[in-house]
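*Asks:* I'd like to ask you about the structure that follows.
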Amino acid sequence: MNHSDLLQIAETFGSPTYVYDATKIENQYHRLVGAFSKVERLRIHYAVKALSNITILKLFKKLGAGLDTVSLQEVQLGLKAGFEPNHIIFTPNGVSMDEIEAVAALGVQINIDNLSILEQFGTKNPQIPVCIRINPHVMAGGNTNISVGHIDSKFGISIHQLPHLLRIVENTGMHINGIHMHTGSDILDIDVFLYAAEILFETAKHFKTLDFIDFGSGFKVPYKKDDIETNVEELGKKLTKRFNLFEKEYGRPLTLAFEPGKFLVSESGFFLAKVNVVKQTTSTVFAGIDSGFNHLIRPMLYGSYHHIENISNPKGKERFYSVVGYICETDTFANNRRISEIKEGDILCFKNAGAYCFSMASNYNSRFKPAEVLWYDSKAILIRERETLDDILKGQPEIQL
Ligand SMILES: *Cc1c(COP(=O)(O)O)cnc(C)c1O
């Protein structure tokens, strides 16, 4: 997919539009599986919340992945996409007992992350196998917005609560078939990750009937030119060796599971938006686009960097711009960014727009959510129509006052 393909897509489907390159998704998936090829039983559960379009889920089904879900609705989407319930893992945080029971009733693997629900669930349903989410209290990466393994994190059962956890399991007679951790969003230091894995292995020894160990995610992808990404191949080599050794020691076949979102879809995505207005002020030049944080909130929510290219004028002379949205609040995508010269009507392309972009979109300012297009077999396929006013009004009865 090159610039002219992207321009053609903007022409055909309008703007703003999200485009996903299926080949990139496939390559990332195969790269991860390849890095762990020496593990006998491997499962990659794609984290649905990163990008939940049903056609994307079907693509993962075709690749042989499972799903990682965080809500009953994501589970239902996965089932609609054709996944077997036992290829779906439900890893929520802070949801009700009712929701957990509803998901378990569908035959989906549940993962419980607090002692209160574990005790209630185990007492009522001792026969349903449960995975437990452990918080090893290891910081992976330095950004506390996205690290969830530290001591005050709301995620997981603290490793320090292991004695209480074991007592609950014994008292209820429940069956623990997996243990899980998800330490945060950035594995940059493989040794830090392996250290957390060691804690998980130590914990695993306390449970005699495990079928799998789930190492969560945290794979970092490059957003900027010189960004370091997780060295998946090195992680594969080192963790495989350790995992296979542990499996032997444990004396029971174990599946190694991961649940990446960003790694699989981030770089596949391109967000195309049109420049409505170029506005010179005393301090900068603004390029105002036909979108805002209603469609792509990551830069405003956690300061994420998305590379922006003017694909209408890729060879133009570079100038400095502040790229902003049309929302009636501050919504700055990029400050003082070098971009090839922008004219009104140009199409800007945001990179790394696959993960946590469309899935976080809203209707703020009563704007329609963008269209989504999959680039598959060198063809552009519309996988979600742009919304219309009917979508905005849906569910609002016509009330006469
Ligand atoms: C969000 C989430 C993931 C995926 O994280 P990425 O950083 O997108 O890879 C995996 N597991 C759980 C439990 C999650 O909540």
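Everything in the sequence shown is counted per our numbering, starting at 397 for the first residue and increasing by one. Glycine included, each C-beta is placed from N, C-alpha and C at the ideal position. This structure is a prediction, so every number in the text was calculated from the model and none was measured.
Are there any heavy atoms of ligand 1 lying less than 6 Å away from the beta-carbon of P532, as far as the coordinates show?
*Replies:* For ligand 1, no non-hydrogen atom lies closer than 6 Å to the CB of P532.
*Asks:* Let me confirm a value: M570 is counted as buried when at least 16 other C-beta atoms fall within 10 Å, else exposed. Which label applies?
*Replies:* buried
*Asks:* Report the start-end ranges of each beta strand (DSSP E) in the stretch 476 to 547 that is 3 residues or longer and not cut off at the edges.
*Replies:* As for any beta strand (DSSP E) of minimum length 3 sitting wholly inside the stretch 476 to 547, the runs are 484 to 486, 505 to 508, 526 to 531, ordered along the chain.
*Asks:* Give the C-beta separation of F517 and I496 to the nearest angstrom, bearing in mind that I take them to be a contact with Cβ-Cβ under 8 Å.
*Replies:* 6 Å
*Asks:* So is the beta-carbon of H578 under 6 Å away from any non-hydrogen atom of ligand 1?
*Replies:* yes
*Asks:* Out of curiosity, what's the CA-to-CA distance linking L590 and A443?
*Replies:* 21 Å
*Asks:* Are the stretch 450 to 458 and the stretch 701 to 715 touching by the rule of at least three beta carbon pairs closer than 8 Å?
*Replies:* no
*Asks:* Helix, strand or coil for Q796? Go by DSSP, reduced to three states.
*Replies:* coil
*Asks:* Please identify the residue among C745, Y722, R529 whose C-alpha is closest to the C-alpha of L561.
*Replies:* Considering only C745, Y722, R529, the residue with the shortest C-alpha distance to L561 is R529.
*Asks:* May I ask you to report which of helix, strand or coil DSSP gives S718?
*Replies:* strand
*Asks:* For V466 versus P481, is the C-beta spacing smaller than 7 Å?
*Replies:* no
*Asks:* Hey, could you find the ends of the beta strand (DSSP E) S736 is sitting in?
*Replies:* 728 to 736
*Asks:* Note down the Cα distance separating T605 from D622, rounded to an integer number of angstroms.
*Replies:* 44 Å
*Asks:* Kindly list the residues whose CB is nearer than 6 Å to the CB of E470, restricted to its own chain and excluding five residues on each side of it in sequence; keep chain order.
*Replies:* Correct list, in chain order: V444.
*Asks:* Does the Cβ of T419 have 16 or more other Cβ atoms within 10 Å, making it buried, or fewer, making it exposed?
*Replies:* It is exposed - the Cβ of T419 has fewer than 16 other Cβ atoms within 10 Å.
*Asks:* So does the stretch 402 to 411 actually touch the stretch 731 to 750, counting three or more Cβ pairs closer than 8 Å?
*Replies:* yes
*Asks:* Using only the alpha-carbon positions, how far apart do K520 and I572 sit?
*Replies:* One C-alpha to the other measures close to 15 Å.
*Asks:* Would you list the one or two residues that DSSP bridges to L798?
*Replies:* There is simply no residue 798 to check, as the chain begins at 397 and stops at 797 in what is shown.
*Asks:* Under the rule that 16 or more other beta-carbon atoms within 10 Å means buried, what is G474, buried or exposed?
*Replies:* buried
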